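S.K.: Take this structure first; my questions come after.
Listed below in structure tokens is the structure:
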């Protein structure tokens, strides 16, 4: 590799190599330096400033050199900027499968990059011409004066700094970021803010690509709910602590600019803010990289995001104490905590495939963690023993764990899906409201102490809940029926009664399964006309925005019928003209099975061990028959004119197209490329996207990245075709 004398001088400055503590070897391919500990370090050099077509040979050369000399050597790559580096990495990752992506990412993880620039200094533009800022000085007799300056800078300006340094900007920080799902949650929160900001800019501009951009933002957001988009970017300043930039050298303030050498500064607090911001900007820009309108509003958004930035000039002796003082958090890691029973270890082997884990007290449970007592109580609630859960006897914990391990995989899957519902109820419980026209004496005990009973009551409704656009309103409606149901069984329920299972057993006895009761189903069909009137009355008296499933559940309970069902809203525009208001999401397990498997992600390197479509949960769901309640709504009035019940609805006719989408999804996992997931615009009858806007709920993709959980959806057009075949649409149109 050719490097002239000026290049070498610049490279040594960039690496902070002093004196004669270096040697270029092997025709400049190898650089050996003496590190701060006095030990030799070898780098294998690659210059990608002018061309980027030699990355594959660079990888091979490193491997060959390490094998020949039996040493570990660190890659050192030279780029014009961080942006150019990321473009090269993206191009190389697109060429290979999932295993190749992991190999490249492993090399990137140990590599060191430097970014060439002719100018040693950089000038960043200050907000409000640098007028509104704070300055703090501390005299020091033993060394130079310490000084602190506080400014507001735009994300666009800070990007110029990061583009010159990459992650070396954080060389003096205690950490560049927090690995794993905790970091992923923070990153996803940032991404949500950015999507809201872009949505706001797109709504306020008349761009050629307006609809295209809007479709992308809806797909990325996981829903059409952009609540708070008007102020999301402006409020970013309030939601984040900002960053701290340290330097031994002086910062030069000139009117509206601050100038310094980027190689001599370090961000000692706020590394996650910058790394997440810029990786999200890169991801979003790549998605619509050829759209000039989109690139324009991305840059405008970056200019509108303001970040509090503290610049500290201080002697190196002060640096460490400042760094530690700004990073006092002591995260508790999973590795520090060991489970102390064999049963818990065995259970965690199952749970970890589902991104869950039993934790001990003190361990972070933010992403998939659950404390042991909460796990056992949830299991008892799932088994319809809410009283026993509330009055848990700790000396029986081992027995409960053994019982859980004795269950089959199907029971475990069902429990984990219900566990998500239970966790949501915990968050929602404080928002519940007392139902109207309920005697306070009857309500008091159940309202105060009935959460465990309510969880068991809700068991199995997770699919119904996910059909609803407003889950809070949906659960409030279910809660009202729960209160009414149990008060009818036994008025004035006290706390002690809810520590036993007797009352819940009485409730279960009151439910009559309709699986072998054709008369009840026939009676249900005949009652659908009454349902229309009741539903319209219910909407008028209830504040819920979306409550079809809740309404049907209440009517079924009144008739003593317990069946699994789904609901869908069909809009009648005119005679023989219908449209569906929404696509139909399939249960999350149809998709999660692809990453909740043994030897993941390595299993995708072995074709013969992959789950075939015919053996998949997606296939089973496609061929499952279920009850589908079709709410037919008049477009002009918005009123529900008819409710139809399809008692044997199935998606089995779409099996061939489902297989095609499934195989494309498997290919995406093999390739490690989420962009290969089928989109709604692909018109393949199914598509993949998140089921709800919950950025905290993620899974690890085959390329090592954290992705928001998603599932398969049935496209509206194909679903409408199936419904049309089951119902006499022309006759319905005449009635409407």
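Residue numbers (our numbering): 34 to 769.
Where a beta carbon is used, it is the ideal one built from N, C-alpha and C, also for glycine.
Given the structure is predicted, the values throughout are model-derived calculations rather than measurements.
1. Measuring from the CB of residue 696, is there a heavy atom of the ligand MN at a distance below 6 Å?
2. Determine whether the beta carbon atoms of residue 724 and residue 618 lie at a separation below 7 Å.
3. Please classify residue 465 as buried or exposed, where buried requires at least 16 other C-beta atoms within 10 Å of its C-beta.
4. Could you give the C-beta distance for residue 526 and residue 479, rounded to a whole number, given that I count them as a contact under 8 Å?
5. Grouping DSSP H, G and I as helix and E and B as strand, with all else coil, what is residue 451?
6. What span of residues does the alpha helix (DSSP H) with residue 38 cover, start to end?
7. Taking Cβ positions only, does residue 466 come closer than 7 Å to chain B?
8. Check whether the Cβ atoms of residue 587 and residue 514 lie closer than 7 Å to each other.
9. Shortest alpha-carbon distance to residue 135 belongs to which of 750, 703, 760, 721?
10. Compare the Cα-Cα distances from residue 512 to each of 258, 537, 486, 60 and report the closest residue.
11. Is the beta carbon of residue 344 closer than 7 Å to that of residue 167?
12. With a Cβ-Cβ cutoff of 7 Å, do residue 189 and residue 336 count as a contact?
13. Could you tell me if residue 198 is buried or exposed, where buried requires 16 or more neighbouring beta carbons within 10 angstroms of its beta carbon?
14. So the alpha helix (DSSP H) residue 746 belongs to, where does it begin and stop?
15. Mapping DSSP to helix, strand and coil, what is residue 260?
16. Shortest alpha-carbon distance to residue 687 belongs to which of 555, 720, 339, 636?
17. Please specify which runs of the beta strand (DSSP E), each continuous and at least 3 residues long, are wholly inside the region 403-443, giving them in chain order.
18. Mind listing, in chain order, the continuous beta strand (DSSP E) runs of no fewer than 3 residues lying wholly within the region 114-182?
19. Rounded to a whole number of angstroms, what is the C-alpha to C-alpha distance between residue 315 and residue 604?
20. In the structure shown, what three-state DSSP assignment does residue 295 receive?
21. Would you kindly work out how many angstroms separate the C-alpha atoms of residue 705 and residue 559, rounded to a whole number?
22. With a threshold of 6 Å on Cβ separation, who are the neighbours of residue 546 within its own chain once the five nearest residues in sequence on each side are excluded?
23. Closer than 6 Å by C-beta to residue 230: which residues in its own chain qualify, once you throw out the five before and the five after it? Chain order, please.
24. Relative to the C-alpha of residue 185, which residue among 238, 119, 162, 299 is closest?
25. Is residue 151 buried or exposed, if buried means 16 or more other CB atoms sit within 10 Å of its CB?
26. Hey, quick one: how far does the beta strand (DSSP E) through residue 392 stretch, first residue to last?
27. Nearest CA to the CA of residue 205: which residue from 505, 115, 351, 339?
28. Taking only runs of the beta strand (DSSP E) that begin and end inside the region 468-494, which ones reach a length of at least 3 residues, in chain order?
29. Would you call the region 35-55 and the region 88-106 touching, i.e. three or more CB-CB distances under 8 Å?
30. Taking C-alpha atoms, which residue in 341, 453, 383, 458 lies nearest to residue 440?
31. Helix, strand or coil for residue 103 per DSSP?
32. For residue 270, count the other beta carbons within 10 Å of its own beta carbon; 16 or more makes it buried, fewer makes it exposed. Which is it?
33. By Cβ distance below 7 Å, which residues in the same chain neighbour residue 611 in space, the five residues on each side in sequence not counted?
34. Counting only runs that start and end within the region 499-523, where is the alpha helix (DSSP H) found for 4 or more residues in a row?
35. Take residue 569 and list the residues in its own chain whose beta-carbon comes closer than 7 Å to its own, dropping the five residues that flank it on each side.
36. DSSP three-state label for residue 348, please.
M.R.: This is what the structure holds:
1. With respect to the ligand MN, the structure shown offers nothing to examine, as it has no ligands at all.
2. To locate residue 724, count along the chain shown from 1; it is residue 691. To locate residue 618, count along the chain shown from 1; it is residue 585. Cβ distance < 7 Å, so residue 724 and residue 618 count as in contact.
3. Within the chain shown, residue 465 is the residue found at index 432, counting from 1. Looking at its Cβ environment, which holds 16 or more other Cβ atoms inside 10 Å, residue 465 is buried.
4. In the chain shown, residue 526 corresponds to position 493, counting from 1. In the chain shown, residue 479 corresponds to position 446, counting from 1. With a Cβ gap of about 5 Å, residue 526 and residue 479 count as contacting.
5. Locating residue 451 in the chain shown gives position 418, where the first residue counts as 1. In the structure shown, residue 451 sits in a helix (DSSP, three-state: H, G or I).
6. Counted from its first residue, the chain shown places residue 38 at position 5. Run containing residue 38: 38-47, per the alpha helix (DSSP H) assignment.
7. Although the question refers to chain B, the structure presented lacks it and comprises just one protein chain.
8. Along the chain shown, one-based indexing puts residue 587 at 554. Along the chain shown, one-based indexing puts residue 514 at 481. Going by C-beta atoms, residue 587 is nearer than 7 Å to residue 514.
9. Position 102 of the chain shown, counted from the first residue, corresponds to residue 135. Of the listed residues, the one whose Cα sits closest to residue 135 is 703.
10. Indexing the chain shown from 1 puts residue 512 at position 479. The residue with the shortest Cα to Cα distance from residue 512 is 486.
11. Within the chain shown, the letter at position 134 stands for residue 167. Within the chain shown, the letter at position 311 stands for residue 344. No, they are not a contact pair.
12. Here residue 189 refers to the residue found at position 156 when the chain shown is read from its first residue. Here residue 336 refers to the residue found at position 303 when the chain shown is read from its first residue. Cβ atoms of residue 189 and residue 336: closer than 7 Å.
13. The residue given as residue 198 occupies position 165 in the chain shown. The residue is buried, with at least 16 neighbouring Cβ atoms inside 10 Å.
14. The count along the chain shown starts at 1 and reaches residue 746 at position 713. Counting along the chain, residue 746 falls outside any alpha helix (DSSP H), though it belongs to the beta strand (DSSP E) covering 744-747.
15. Position 227 of the chain shown, counted from the first residue, corresponds to residue 260. DSSP places residue 260 in coil when its eight states are reduced to three.
16. Position 654 of the chain shown, counted from the first residue, corresponds to residue 687. It is 720.
17. none
18. 145-148, 155-158, 167-171
19. Residue 315 sits at position 282 when you count from the first residue of the chain shown. Residue 604 sits at position 571 when you count from the first residue of the chain shown. Distance between the alpha carbons of residue 315 and residue 604: 40 Å.
20. On the chain shown, residue 295 is found 262 positions in, with the first residue counted as 1. Here residue 295 sits in helix by DSSP.
21. Position 672 of the chain shown, counting from 1, holds the residue named residue 705. Position 526 of the chain shown, counting from 1, holds the residue named residue 559. Approximately 52 Å between the Cα atoms of the pair.
22. Start at 1 with the first residue of the chain shown, and residue 546 comes out as number 513. Bear in mind that a pLDDT of 47 at residue 546, under 50, signals an unreliable position, so the number given afterwards is only what the model happens to contain. Closer than 6 Å at the Cβ level, and outside the excluded window around residue 546, lie 595.
23. The sequence position of residue 230 within the chain shown is 197, counting from 1. Excluding positions up to five away in sequence, the list reads 265, 266, 334.
24. Here the question's residue 185 lines up with position 152 in the chain shown. The residue with the shortest Cα to Cα distance from residue 185 is 162.
25. The residue labelled residue 151 in the question sits at position 118 within the chain shown. Result: exposed.
26. In the chain shown, residue 392 corresponds to position 359, counting from 1. Here the beta strand (DSSP E) through residue 392 covers 390-392.
27. Taking the first residue of the chain shown as position 1, residue 205 is located at position 172. Selected option, being the one with the closest Cα: 351.
28. none
29. no
30. For this step, residue 440 is matched to residue 407 along the chain shown. Minimum Cα distance to residue 440 is reached at 383.
31. Looking up residue 103 in the chain shown gives position 70. The answer is coil: DSSP assigns residue 103 none of H, G, I, E or B.
32. Here residue 270 refers to the residue found at position 237 of the chain shown. Residue 270 is classed as exposed because its beta carbon has fewer than 16 other beta carbons within 10 Å across all chains shown.
33. Along the chain shown, read from residue 1 onward, the residue named residue 611 stands at position 578. 603, 604, 605, 753, 762, listed in sequence order.
34. For the region 499-523, whole alpha helix (DSSP H) runs of length 4 or above, ordered along the chain, are 504-522.
35. Taking the chain shown and counting its residues from 1, one reaches residue 569 at position 536. Excluding positions up to five away in sequence, the list reads 672, 673.
36. Position 315 of the chain shown, counted from the start, is the residue given in the question as residue 348. In the three-state scheme derived from DSSP, where H, G and I count as helix and E and B as strand, residue 348 is classed as coil.
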